[in-house]
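Here the numbering used here is used: the first residue of the sequence shown is 9, the next is one more, and so on.
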Amino acid sequence: MKLFINILLLSIVFIGCSSTKSNIAQVSISPNTVSQEKNINQNTKQLSTSKSFIKDIFTFKKKTTLLYSSNKLGKYAIDATNVSLAYLITKDKPFDLEIIDMKDESWESFTKALNEAKQKDSKNIVAVITNASYENLIDVGGVENFNIFLPLINKNNVAKVSKNIIYGGVDYQKQFNALLEYSNNKDISLYDNSLFGKILNNQLEEIDNSLLFTKEIDDFSGFYGELLDKNRKKLNNSTLFLNTPIVKSSILLSQIRANKITPNRVLSTQMNYTPLILSLTQADDRKNLIIANSIRDIDRQLKENIANLGCDVVYDWLTYSTLVGVDYFYTRDNRIEPIILDNQVQYGIELYKAKYHSFKKLN
């Protein structure tokens, strides 16, 4: 049975994600699983006068649309689809999942996608989109008629908040505040030149009164020895915030040690909570590293089903927050979903040391 479900899910994913043009792959899973058939047979006598009741139960399907652009997300589009299907299969109830794959995140694509969702009478939408395209979405006429969950966007990072939208992105300001407990008040921020890197640096600047120096890291060199050596005095005995993605962070950590620079602490947020940092750096490179994490542990069986489809709900934020979004529209399982306050998901924060082969939670 388990093998059958996995094959079924994988076939659905490849059908739903193969096209680069805007399309809809409708997924309707029959409730006639083995366990349900057994239960029905055991209770046929008691429910013989309630056939219409049984029919109503099995024909009612909660409908949700998963919206993204696979051209923009790449492999993460498949991850978002897989985690959604794994969650719904685990619930063992009938469901109707619409998958809309846009060609891009333009206003025109959002307009077309919402029109398609409207035609399918699907008002609940998990939109896996980036900060850069948020304005395009909320400018679509009639967007207020949908219930929308945004796994990657935090309320604090948008200029205009919509009451029909739940914001499911990480609260990086809260993560920074938790990390600042380990600051020695000699803070430095290194950030990359992406929109996200600049957002992180700006948020840190807003709350950190001890920030002495910030520096943008370009995308071209891959060698930061000269930059580090030039700022050696500032970096030594500092609290260094790495607002850079995993590969750049790993290079920086390695070159900091190679250049015999000794910051007091190295701090980073959710983007570097990944086992890749354990494999891309040496243990001595990261001995002073502390990382914030807001991914909550979930049900063991669900975690196993998700892992069987090649998805990571332990370290991957997109996968985890997409799961939270789908659950929001189905059962709102308190084992999965954090509190939602003023349209923003309130994730908890835990701090970890990157040890030799794993992360260790700080007390």
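Every residue, glycine too, gets a C-beta built ideally from N, C-alpha and C. Quick caveat, the model's predicted, so the values are computed rather than measured.
Distance between Asn192 and Tyr84 (C-alpha atoms, nearest Å): Cα-Cα distance, rounded: 37 Å.
Counted within 10 angstroms of its Cβ, other Cβ atoms place Arg294 as buried (16 or more) or exposed: buried
Cβ contact check for the segment 283 to 301 and the segment 340 to 352: 3 or more pairs under 8 Å: no
Counted within 10 angstroms of its Cβ, other Cβ atoms place Ala121 as buried (16 or more) or exposed: buried
Element boundaries [beta strand (DSSP E), containing Val255]: Where Val255 is concerned, there is no enclosing beta strand (DSSP E), although the alpha helix (DSSP H) it sits in stretches over Ile254 to Ala266.
Pair within 7 Å by beta-carbon distance, Ile357 and Lys126: no
Per-residue burial, Tyr355 [other beta carbons within 10 Å of its own, 16 or more giving buried]: buried
Beta-carbon gap between Asn132 and Thr72 smaller than 7 Å: yes
Same chain, Cβ closer than 6 Å to Ser36, neighbours up to 5 away in sequence not counted: Note that Ser36 scores a pLDDT of 40, beneath 50, so its modelled location is shaky; the value from the coordinates is reported in the next line. Closer than 6 Å at the Cβ level, and outside the excluded window around Ser36, lie Asp104.
Alpha-carbon spacing of Ile137 relative to Gly333, whole angstroms: The alpha-carbon atoms of Ile137 and Gly333 are separated by roughly 13 Å.
Nearest-angstrom Cα separation, counted from Glu106 out to Asn172: 19 Å
Alpha-carbon spacing of Thr252 relative to Phe204, whole angstroms: 9 Å
Residue nearest to Ile306 in terms of C-alpha spacing, selected from Asn139, Phe231, Glu143 and Tyr95: Tyr95
Beta strand (DSSP E) runs contained entirely in the segment 266 to 350, provided each spans 3 or more residues: 273 to 276, 297 to 301 and 347 to 349
Same chain, Cβ closer than 6 Å to Met110, five either side skipped, listed in chain order: For Met110, same chain residues with a beta-carbon under 6 Å away, outside a window of 5 residues either side, are Ser30, Ser77, Ser117 and Ala121 in chain order.
Rounded separation between Lys7 and Tyr336 - CA only: This structure gives no information on residue 7, because the portion of the chain shown stretches from 9 to 371.
Cβ distance (whole Å) where Arg265 is taken to contact Asp292 below 8 Å: 6 Å
Which of helix, strand or coil DSSP assigns to Ile65: The predicted position of Ile65 is uncertain, since its pLDDT is 39 and thus under 50; a value taken from the coordinates is nonetheless stated next. In the structure shown, Ile65 sits in a helix (DSSP, three-state: H, G or I).
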